[in-house]
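Residue numbers (the numbering used here): 155 to 210.
Where a beta carbon is used, it is the ideal one built from N, C-alpha and C, also for glycine.
Take a look at the structure below.
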């Protein structure tokens, strides 16, 4: 499932559209990658994309 990194003050959050089995279609935000359970109860993986790191 693709994750969109969001830079907030002091941390990176990941916005994931919940489209997997049992998903609700909403976007859920998480502060880390890995296997997560959304507020709707669906389980999915938030991937870490190597291109997400800010090197500037």
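Measure the alpha-carbon distance for residue 166 versus residue 202 and round it to whole angstroms. Stepping through the chain shown from its first residue, residue 166 is reached at position 12. Stepping through the chain shown from its first residue, residue 202 is reached at position 48. Cα to Cα, the separation comes out at about 11 Å.
Between residue 177 and residue 196, which are expected to be in contact by the criterion C-beta below 8 Å, what is the C-beta distance as a whole number of angstroms? Looking up residue 177 in the chain shown gives position 23. Looking up residue 196 in the chain shown gives position 42. Between residue 177 and residue 196 a beta carbon distance of about 5 Å is seen, short of the 8 Å cut, so the two are scored as contacting.
Strand pairing of residue 159, partner residues [DSSP]: Position 5 of the chain shown, counted from the start, is the residue given in the question as residue 159. Residue 159 has 168 as its beta-bridge partners, per DSSP.
Three-way DSSP call (helix, strand, coil) for residue 188 in this model: For this step, residue 188 is matched to residue 34 along the chain shown. Looking at residue 188 - three-state DSSP - the assignment turns out to be strand.
So what's residue 197 in DSSP terms, helix, strand or just coil? Residue mapping note: residue 197 aligns to position 43 of the chain shown, counting from 1. In this structure, residue 197 counts as strand in the three-state DSSP scheme.
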